[in-house]
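Notes for the one structure printed next.
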Amino acid sequence: MPDIVICEPLRTPVVLVGAWAMTVLSGSIRELGAVDARSLACLIASGLATGASWLCYFKALQLGSVNKVVPIDKLSTVLTVLLALIFLGERVSLLGALGVVLIAAGTLLMLDADDLRGLPRAVRDGGGWLLYALGSAFFAALTAILGKAGITGVESNLGTAIRTGVVLVMAWVMVAVTGKLREVRTVPKGELGFVLASGAATCASWLCYYRA
Numbered sequence: 000m001p002d003i004v005i006c007e008p009l010r011t012p013v014v015l016v017g018a019w020a021m022t023v024l025s026g027s028i029r030e031l032g033a034v035d036a037r038s039l040a041c042l043i044a045s046g047l048a049t050g051a052s053w054l055c056y057f058k059a060l061q062l063g064s065v066n067k068v069v070p071i072d073k074l075s076t077v078l079t080v081l082l083a084l085i086f087l088g089e090r091v092s093l094l095g096a097l098g099v100v101l102i103a104a105g106t107l108l109m110l111d112a113d114d115l116r117g118l119p120r121a122v123r124d125g126g127g128w129l130l131y132a133l134g135s136a137f138f139a140a141l142t143a144i145l146g147k148a149g150i151t152g153v154e155s156n157l158g159t160a161i162r163t164g165v166v167l168v169m170a171w172v173m174v175a176v177t178g179k180l181r182e183v184r185t186v187p188k189g190e191l192g193f194v195l196a197s198g199a200a201t202c203a204s205w206l207c208y209y210r211a
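Numbered by numbering that gives the first Met the number 0, the letters in the sequence shown go through residues 0 to 211 in order.
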């Protein structure tokens with residue numbers, strides 16, 4: 000399969016077409032003109048946060064090992080719960096809180112002591128895989144919070160379609176930043192079908208996710 004950085008700008012148009020097709024089928028496209036400024040701003044910000052998470056994630060992978068970057072990225076679950084408590088006023092049970100603590104503790108146990116000691120220096124220097132991995136987790140959590148705020152007053156299919164347009168732009172920005180624009184044309188036709196099918200699956204996943 001081609002590099003995942005290259006896959007995203009090829010997959011995301013499929014997601015975009017599928018999302019807008021669902022707005023037509025559900026009739027929610029008629030509500031486009033009624034989307035208020037606050038919801039629109041939150042949906043756009045959610046799309047931008049998705050792109051920022053991708054950029055941080057792939058930078059972290061470039062600098063660090065996969066078996067450390069991926070668990071840190073999954074701290075987005077913990078951060079999402081905390082942000083939902085703070086900004087959305089949601090509640091979590093005692094058992095749920097214990098689960099969140101265990102996720103955070105398990106993730107930290109996968110890090111070396113040197114990684115944690117080096118974090119302050121990485122923050123000062125503006126680099127380091129751990130800093131980028133934490134950034135990826137933070138922006139992924141922000142994606143969910145902003146998405147929730149954005150679709151509160153908007154039909155979920157329409158909200159997904161709007162934010163996917165922003166994600167598409169960010170996907171191409173990501174390719175440009177990583178210097179892989181020319182490589183997009185080199186994706187083998189035999190693998191392109193799998194990439195597009197992945198986009199269709201992503202579309203279905205996003206539609207279900209924001210409906211939930």
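For each residue, glycine too, the CB sits at the ideal point set by N, CA and C.
Query: Anticipated Cβ contact below 8 Å, G158 with L31, distance rounded; Result: Not a contact, Cβ separation roughly 11 Å.
Query: Coil, strand or helix - G32 by DSSP; Result: helix
Query: Buried versus exposed, by CB contacts within 10 Å (16 or more), A211; Result: exposed
Query: Same chain, Cβ closer than 8 Å to L62, five either side skipped, listed in chain order; Result: G126, G127, W128, Y131
Query: Status (buried if at least 16 other CB within 10 Å, exposed otherwise) for D72; Result: buried
Query: CB-CB length for P12 against W171, believed under 8 Å; Result: With a Cβ gap of about 10 Å, P12 and W171 do not count as contacting.
Query: Validate contact between the stretch 65-80 and the stretch 163-177 using beta carbons, cut 8 Å, 3 pairs; Result: no
Query: Whole-angstrom distance between V100 and L108, CA atom to CA atom; Result: 12 Å
Query: Three-way DSSP call (helix, strand, coil) for M0 in this model; Result: For M0, the predicted structure reports a pLDDT of 48, less than 50, and the residue's modelled location is therefore unreliable. A value from the coordinates is still provided. Note: M0 maps to coil in three-state DSSP.
Query: Beta carbon of A160 nearer than 7 Å to that of A40; Result: no
Query: Residue of A48, C202, E190, G105 minimising C-alpha distance to V16; Result: C202
Query: 8 Å CB neighbourhood of R90 in its chain, flanking five on each side removed; Result: L84
Query: First through last residue of the alpha helix (DSSP H) which encompasses D72; Result: 65-72
Query: Close-in-space but distant-in-sequence residues of the same chain around S155 (CB under 6 Å, 5 per side omitted); Result: Y209, R210
Query: Uninterrupted beta strand (DSSP E) stretches inside the stretch 80-112 (no shorter than 3 residues); Result: none
Query: The alpha helix (DSSP H) enclosing A139, as first and last residue numbers; Result: 128-150
Query: Local conformation of L78 per DSSP, three classes; Result: helix
Query: Collapsed DSSP secondary structure at V14 in the structure displayed; Result: helix
Query: Residue from G134, A196, V14 whose Cα sits closest to the Cα of V68; Result: G134
Query: Burial state of T214 (16 or more Cβ within 10 Å); Result: Shown here, the chain extends from 0 to 211; a query on residue 214 therefore has no answer.
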